[in-house]
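If you count the sequence shown from 1, you need to add 175 to reach the working numbering.
Note that the Cβ used here is the ideal one computed from N, Cα and C, for glycine as well.
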Amino acid sequence: MDRADLRLYLVTGDVPPGVDLVDVVVAAAAGGVTTVQLRDKVGSRDEVVRVGKRMVERLVGSGVTFVVNDDLEAARAIPGAGLHVGPDDLHPADARAALGEGAVIGWSLHDLTQLDDTSALDACDYLAVSPVWPTPTKPDTTTPWGLDGVRRLRDAVPSRLPLVAIGGITAANAASVVEAGADGVCVVSAICSSADPGAAAWTLRAQVDAAVAAA
Ligand code: TZP
Ligand code: MG
Numbered sequence: 176m177d178r179a180d181l182r183l184y185l186v187t188g189d190v191p192p193g194v195d196l197v198d199v200v201v202a203a204a205a206g207g208v209t210t211v212q213l214r215d216k217v218g219s220r221d222e223v224v225r226v227g228k229r230m231v232e233r234l235v236g237s238g239v240t241f242v243v244n245d246d247l248e249a250a251r252a253i254p255g256a257g258l259h260v261g262p263d264d265l266h267p268a269d270a271r272a273a274l275g276e277g278a279v280i281g282w283s284l285h286d287l288t289q290l291d292d293t294s295a296l297d298a299c300d301y302l303a304v305s306p307v308w309p310t311p312t313k314p315d316t317t318t319p320w321g322l323d324g325v326r327r328l329r330d331a332v333p334s335r336l337p338l339v340a341i342g343g344i345t346a347a348n349a350a351s352v353v354e355a356g357a358d359g360v361c362v363v364s365a366i367c368s369s370a371d372p373g374a375a376a377w378t379l380r381a382q383v384d385a386a387v388a389a390a
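Here it is in structure tokens:
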């Protein structure tokens, strides 16, 4: 998987009242988001599939990578969708076996011991440092890694595996995450809560691109 695909990774979350999440995703893609993860912890599977299909249809030709959080059956039902899992979810090797070689599969890192699971690492296209900072968007995270954690993981993770970071990332700190060794940043609220998601994505992408170029 090309590292550039992960420079700016949008994980879906709450959007302002009256706003269509699919419109937010499309605007964010136009603004420079390279990967979209549909994460819906409340809707039914049917709802996730319905929204995911609308997103995929509207992202055709954009080059954006699309993954679903945690739900293998939803991912299977959405054309071209990959899957993002955490350490308590389906094992990445099982996700790979179910979705095949062409699917993008990502795994969240909550603990250094996960790196001992070579069959999981072998099955992944990327890993996510989760969370880098505490965030009101997800109050129940495991212990934040901080920038030191990003550095430690970049040293410890096989270099073929791109590393993204999530949690508390904004345009003001995105560059520091890349400087610490991440290949890209993931955000929820910095884009989903913005009145102008396209502009928010553009600003974040400029920060990430400048930090990557300087690295
Ligand atoms: N996983 C770890 S932190 C997080 C998720 C889904 C939420 C990140 O949200 P924000 O608003 O970008 O801090
Ligand atoms: Mg999960």
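Query, Result
"Limits of the beta strand (DSSP E) - the one that residue 282 falls within", "280–284"
"Sequence-distant residues of the same chain with beta carbon closer than 6 angstroms to residue 215, five excluded per side", "223"
"Own chain partners of residue 230 with C-beta closer than 7 angstroms, once the 5 adjacent residues on each side are dropped", "197, 200, 211, 213, 241"
"Cα-Cα separation, residue 346 to residue 365", "8 angstroms"
"Exposure label - residue 380; buried when at least 16 CB within 10 Å", "buried"
"Alpha-carbon spacing of residue 256 relative to residue 322, whole angstroms", "30 angstroms"
"Contact with chain E by residue 249, beta-carbon distance below 9 angstroms", "No chain E appears in this structure, which consists of one protein chain only."
"Span of the beta strand (DSSP E), counted from its first residue to its last, around residue 295", "No beta strand (DSSP E) holds residue 295; the alpha helix (DSSP H) holding it covers 293–298."
"N- and C-terminal bounds of the beta strand (DSSP E) containing residue 157", "Outside the displayed span of the chain (176 to 390) sits residue 157, for which this structure offers no information."
"Buried or exposed by the 16-neighbour rule on C-beta atoms within 10 Å, applied to residue 217", "exposed"
"Whole runs of the alpha helix (DSSP H) within the stretch 303–333, excluding any shorter than 4 residues", "321–331"
"Residue 365 beta carbon near the ligand TZP (any heavy atom closer than 8 angstroms)", "yes"
"Buried or exposed by the 16-neighbour rule on C-beta atoms within 10 Å, applied to residue 180", "buried"
"Of the listed residues 193, 246, 384, nearest to residue 219 (C-alpha basis)", "246"
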